[in-house]
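Numbering (the numbering used here), first residue to last: 7 to 271.
The beta carbon of each residue, even a glycine, is placed where N, CA and C say it ideally should be.
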Amino acid sequence: MIYDMGASKTVATLVEYKVAKGRHGKEPKVTVLGVGFDRTLGGLEMTLRLRKLLVEKFSAHYKTKEDIRTSERAMAKLFKEAERLKQVLSANMDHYAQIESVHEDIDMKIHVTREEFNSLIDNLMPRVTAPVEQALKMADLSMDQVDQIVLMGAGTRVPRVQEELQKFIGSKELGRFLNTDEAIAMGALFQAAHLSKGFKVKPFGVEELVIFPVQVNFISKQKQENGEVIEKPITRQVFQYKGVYPTTKKVLSYLCSSFFLAIYK
């Protein structure tokens with residue numbers, strides 16, 4: 007299982023890796039068995055909450071003529087510092103957030119602990135394992151049948167997230183062996199080279215799932231025995247749920263005039 011927590015979303019993908027027969031003999035192949043996701047859970051939400059804490063501490067420690075929230079420049083500085091602080095607190099138990107002349111020529115220095123950071127994101131933790139449960143349900147498998155969970159995305163570096171995942175998987179070990187930034191970049195580079203005609207790479211098969219069914223609606227004109235032409239709405243499901251992707255389907259309709267075709271996903 008590949009668990010990817012990025013800036014704005016989290017995706018858990020259950021895949022099977024094997025060597026299968028291909029066009030050029032035996033080739034490595036990855037088949038997607040199940041997918042789960044949360045479109046709004048990611049590192050950005052954690053950074054915003056940490057910035058809110060910095061704003062509250064700044065307002066409590068320093069007196070200003072205007073609220074720091076009214077300054078877009080100051081809030082941008084706080085956001086940048088909150089992102090840095092999140093990374094530092096992932097490796098250290100406490101740290102100082104420091105910004106020179108953040109607002110009204112005030113040099114800010116605020117102490118923040120990992121415990122405070124964990125309390126900010128505590129109510130997000132039930133959502134951390136939800137994509138994993140969704141992926142297992144789609145694949146009709148249990149956690150015992152999964153060999154390993156591989157962590158991807160910068161959001162998985164947060165210790166609290168790793169703790170929550172570890173509780174869910176039990177005695178299995180979290181796969182922290184990849185440099186998540188480099189792995190994603192190299193994977194995208196390999197896929198681009200694979201799709202390009204200007205490069206030749208070793209064969210590597212990928213079978214994905216159609217998560218959302220696709221259907222086509224169109225109007226078919228049929229001629230009756232009395233010569234009258236009637237219009238009949240036709241609906242055909244082109245790609246079924248959990249179908250294999252990439253694939254090609256043809257929808258045939260014999261029309262000799264302008265027509266309207268609607269595709270729904």
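Checklist entry - Do three or more CB pairs link the stretch 105 to 123 to the stretch 90 to 97 at distances below 8 angstroms? => result Contact annotation: the stretch 105 to 123 touches the stretch 90 to 97, with at least three C-beta pairs closer than 8 angstroms.
Next on the checklist: Would the stretch 75 to 84 count as touching the stretch 42 to 54 if we require 3 or more Cβ pairs under 8 angstroms?
Outcome noted: No, the stretch 75 to 84 does not touch the stretch 42 to 54.
Checklist entry - Going by the CB atoms, is the gap between Arg242 and Gln228 shorter than 8 angstroms? => result Taking C-beta atoms as the reference points, Gln228 and Arg242 fail to come closer than 8 angstroms.
Checklist entry - Are the beta-carbon atoms belonging to Thr16 and Leu59 less than 8 angstroms from one another? => result Leu59 is positioned such that its CB atom lies no closer than 8 angstroms to that of Thr16.
Item to check | Residues near Gly12 by beta carbon distance below 8 angstroms, same chain, minus five either side | outcome: So the list reads Gly48, Gly49, Gly159, Ala160 and Gly161, once near-sequence residues are dropped.
Item to check | Residues near Ile269 by beta carbon distance below 7 angstroms, same chain, minus five either side | outcome: Residues of the same chain with a CB within less than 7 angstroms of the CB of Ile269, apart from the 5 flanking positions on each side, are Val220 and Val222 in chain order.
Next on the checklist: Let's see if you can read the secondary structure: which residues bound the beta strand (DSSP E) around Ile240?
Outcome noted: Unbroken beta strand (DSSP E) run through Ile240: Val235 to Phe245.
Item to check | For Ser125, the three-state DSSP class (helix, strand or coil) | outcome: The answer is helix: DSSP assigns Ser125 an H, G or I state.
Checklist entry - Given that a residue counts as buried once 16 or more other Cβ atoms are within 10 Å of its Cβ, and exposed if not, what is Phe210? => result Looking at its Cβ environment, which holds fewer than 16 other Cβ atoms inside 10 Å, Phe210 is exposed.
Item to check | Close beta carbons around Ile190, own chain, < 7 angstroms, minus the five adjacent residues each side | outcome: Within the same chain, Ile190 has close Cβ partners Met158.
Checklist entry - Is it the case that the Cβ atoms of Met114 and Ala103 are separated by a distance below 8 angstroms? => result Between Met114 and Ala103, the CB-CB gap stays under 8 angstroms.
Next on the checklist: DSSP three-state label for Glu214, please.
Outcome noted: Here Glu214 sits in strand by DSSP.
Next on the checklist: Please classify Glu87 as buried or exposed, where buried requires at least 16 other C-beta atoms within 10 Å of its C-beta.
Outcome noted: With 16 or more other Cβ atoms inside 10 Å of its own Cβ, Glu87 counts as buried.
Checklist entry - By how many angstroms is the C-alpha of Arg133 removed from the C-alpha of Asp44? => result Approximately 8 angstroms, taken between the alpha carbons.
Item to check | Residue burial classification, Gln201 (beta-carbon count within 10 angstroms, cutoff 16) | outcome: Here residue 201 is Leu; the residue named in the question, Gln, does not match the sequence. Exposed, since its Cβ has fewer than 16 Cβ neighbours within 10 Å.
Next on the checklist: Distance check for Tyr247 and Lys255, CA to CA, integer angstroms please.
Outcome noted: A straight line joining the alpha-carbon of Lys255 with that of Tyr247 spans about 14 angstroms.
Item to check | Rounded C-alpha distance that separates Phe174 from Ala141 | outcome: CA-CA distance, Phe174 to Ala141, rounds to 14 angstroms.
Item to check | Cβ distance (whole Å) where Met144 is taken to contact Val36 below 8 angstroms | outcome: With 8 angstroms as the limit, Met144 and Val36 do not qualify as a contact, their Cβ atoms being about 16 angstroms apart.
Checklist entry - With distances taken from CA atoms, which of Arg29, His101, Arg57 and Asp111 is nearest Glu283? => result Summary: the structure shown does not reach residue 283, with the chain confined to residues 7 through 271, and so no result is reported for it.
Checklist entry - Is the CB-CB distance between Val156 and Leu184 below 8 angstroms? => result Closer than 8 angstroms, so yes.
Next on the checklist: Can you check which of these residues, Phe224, Glu33, Phe245 and Val138, is closest to Lys238 by C-alpha distance?
Outcome noted: It is Phe224 whose Cα lies nearest to the Cα of Lys238.
Checklist entry - Is DSSP giving Glu72 helix, strand or coil here? => result Reduced to three states, the DSSP call for Glu72 is coil.
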